[in-house]
Amino acid sequence: MPAPAGDPCEMAAAVEDKAQGRRRPNLTDEERLVLANYLLQHRQGESRLPRAVIATAADKFQVHRNTVSRIWSLMKLALDSGSSIDVVMRQVLSRKRGNCGRKRKDYSTALEQVKQLPLNQRGSLRALSSAVGVPRTTLFRLLRNYETDDICKSDNEEARSEVKPTTANTIKPALSEKNKRERLRFCYRKMQPNGVFDNMFNVVHINTKWCLLPGARDAETMTNKKKRKVMFLIAVARPQWDTGRQKQFDGKLGVWPCIATGELTLTGTDVEVSAPSVVDSAKTGRVLRVLETVTKTEIQAMITHHVIPAIKLKMPNALRTDPVFIQMDNQQMRLTADDPVVAEHGSTDGWDIRVQYQPAHSPELVVLSHALLKSIYPATFPSQRGCTPLSPVEALIAGMERTFAAVPKRRINNAFLALQKTMECVMLAGGSNNFDSQEDATKQSLQADGSLPVSVLCQRDAIAACQCILNSSQE
């Protein structure tokens with residue numbers, strides 16, 4: 001019997017799967033019944049198949065001939081015993097239903113452990129995940145299902161109606177026409193004449209993050225005063241190859257707390273240090289003074305004493321030939337671009353380190369965006385036996401340094417590429433922020449085959465729209 005001609009698309013897909021070694025999924029019950037019906041139609045007598053029917057069925061249904069042979073063997077046993085057609089068809093159904101796959105893990109012990117944890121270890125989902133040893137996404141799903149099950153078991157209809165799916169909302173600031181033109185001008189300056197964005201190897205992005213001290217959420221410490229928290233300054237640059245040191249620069253310059261050491265004063269939140277501090281300037285028995293309000297003077301001191309020395313120490317020396325820019329938010333830092341103190345420290349040792357600002361109301365035009373900042377959090381772990389317990393400030397600083405060191409350089413590089421795609425979207429939108437986030441997962445496929453670009457080629461429509469608006473504003 002000649003083999004029926006199959007669908008060319010299905011045959012091409014089967015050949016491709018076979019060439020690439022991909023395993024086809026198991027047949028569904030519907031596909032098994034159709035295959036069994038085909039075999040019944042082409043049988044001779046009660047339980048005999050003509051020559052080449054199994055091979056023909058395998059080509060028609062795009063399965064291996066052994067699969068067809070196993071299904072016919074099950075049917076043949078039922079036919080030889082004199083069973084009806086309905087019984088024969090039931091023999092080919094899958095026996096894996098409800099009895100296959102990985103067994104579900106039991107997290108009941110972890111949920112009970114959550115109830116026994118102190119309040120300072122339940123301040124955030126990340127801290128709770130570190131305390132119970134369950135992945136953060138799994139813990140979020142368990143807590144959501146646990147709360148939903150408790151509400152559904154209750155007879156209160158109002159409580160049941162309060163169960164709603166969670167949604168994510170990003171608040172975007174309102175922009176004036178002046179803000180839009182500044183955003184377009186900023187993005188246009190970051191582009192080369194051929195339409196490719198700069199590689200940004202000489203740009204350092206800094207941002208601030210406030211973190212609560214361990215125990216600041218406890219009921220015993222909650223007063224009418226301000227919550228005790230510490231500001232951290234985080235600085236990153238783009239990962240690149242250092243020809244002088246012959247190794248890869250990971251882009252992580254450092255994370256520094258905004259604290260002071262010295263005698264007990266009336267300003268700030270003073271915490272006694274009973275163990276050796278992880279801060280270089282702190283000694284045993286000294287006082288760590290946490291600054292509750294950070295002014296221009298503190299920001300200026302942190303840039304000159306921490307950021308600029310880290311740039312000179314860690315970044316490639318080949319960048320000395322070009323200016324190195326420290327990009328910051330003017331509304332946060334309150335420093336001028338030509339600050340004399342920063343300029344004095346940045347122009348020594350053959351370096352030319354300057355300050356530049358991102359446009360106003362533009363939180364998306366920075367590498368240390370909300371997503372990257374969330375990955376840098378104070379991961380606190382219980383102190384081990386035999387080790388001197390750390391003070392709350394020391395535990396917070398150690399947790400921030402631990403998570404900052406664990407950030408992969410690939411993620412920082414992806415943030416720079418996402419910034420370039422964001423600039424392209426700003427130019428396409430005419431300077432507005434009415435576009436989706438560019439922190440997508442398509443870069444993973446490009447990294448897998450080694451085709452990840454160094455810089456993004458801007459679209460011609462975006463360049464034309466940006467030039468049109470900027471030229472019209474100059475007239």
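Its first residue numbered 1, the sequence shown is counted upward by one per residue in the working numbering. All C-beta atoms in this analysis are idealised placements derived from N, C-alpha and C, irrespective of residue type, glycine included.
>> Give me the DSSP bridge partner(s) of M191.
In response: F197
> Taking C-beta to C-beta, are V255 and E401 nearer than 9 Å?
Replying inline: yes
> Across which residues does DSSP place L175 in a beta bridge pair?
Replying inline: For L175, which the question treats as bridged, DSSP gives no partner whatsoever.
>> For the pair the segment 174–188 and the segment 418–432, tell me if three or more CB-CB distances fall below 8 Å.
In response: yes
> What residue range is occupied by the uninterrupted beta strand (DSSP E) comprising M231?
Replying inline: 229–237
> In its own chain, which residues sit with a C-beta less than 6 Å from the C-beta of N413, not counting the 5 before and 5 after it?
Replying inline: P239
>> If distances are taken between C-alpha atoms only, which option among I71, Q420, V63, H305 comes closest to R95?
In response: I71
>> Does the beta-carbon of R122, which I'm using as the reference point, lie nearer than 8 Å to any heavy atom of the ligand SAM?
In response: Absent from the structure shown: the ligand SAM. Ligands present: none.
>> I need the straight-line Cα distance from R136 to V236, nearest angstrom please.
In response: 25 Å
> Just to confirm, are V456 and E424 a CB contact at a threshold of 9 Å?
Replying inline: yes
> In the structure shown, what three-state DSSP assignment does V163 receive?
Replying inline: With a pLDDT of only 41 at V163, under 50, the local geometry of the prediction cannot be trusted, and the value read off the model is given with reservation. Correct three-state label for V163: coil.
> What three-state label does DSSP hand F416 in the structure shown?
Replying inline: helix
> Roughly how many angstroms separate the alpha carbons of A337 and N199, rounded to a whole number?
Replying inline: For A337 and N199, the distance between alpha carbons rounds to 22 Å.
>> How far does the beta strand (DSSP E) with Q459 in it extend, from its first residue to its last?
In response: No beta strand (DSSP E) holds Q459; DSSP gives it neither H nor E.
>> Given this structure, state the Cα-to-Cα distance separating A318 from G244, to the nearest angstrom.
In response: 8 Å
>> Can you tell me whether T221 is helix, strand or coil according to DSSP?
In response: At T221, the pLDDT of 46 sits below 50, so the modelled position is not reliable; the number obtained from the coordinates is stated separately. Reduced to three states, the DSSP call for T221 is coil.
>> Using the Cβ count rule (16 or more neighbours within 10 Å means buried), how would you classify C458?
In response: Answer is buried; the Cβ neighbour count reaches 16.
> Since M231 and C258 are thought to touch, with beta carbons under 8 Å apart, how far apart are those beta carbons, to the nearest angstrom?
Replying inline: 4 Å
> Between which two residues does the alpha helix (DSSP H) harbouring V480 extend?
Replying inline: Lying before the first or after the last residue shown, residue 480 is absent from the chain, which here runs from 1 to 475.
>> Taking the alpha-carbon of A406 as reference, which of Q91, L117, P193, G251 has the nearest alpha-carbon?
In response: The shortest C-alpha separation from A406 is found at G251.
>> Distance check for E30 and M89, CA to CA, integer angstroms please.
In response: 11 Å
>> List, from N- to C-terminal side, the beta strand (DSSP E) runs of 3 residues or more that fit wholly inside the segment 345–384.
In response: 353–357
>> Quick check on the burial criterion: 16 or more other C-beta atoms within 10 angstroms. Buried or exposed for A415?
In response: Classification of A415: buried, given that the 10 Å Cβ count is 16 or more.
>> Need the endpoints of the alpha helix (DSSP H) that L111 sits in, please.
In response: 108–116
>> Under DSSP, the alpha helix (DSSP H) around L253 begins and ends at which residues?
In response: Careful: L253 lies outside any alpha helix (DSSP H), inside the beta strand (DSSP E) at 252–257.
> How far does the beta strand (DSSP E) with M328 in it reach, from first residue to last?
Replying inline: 324–328
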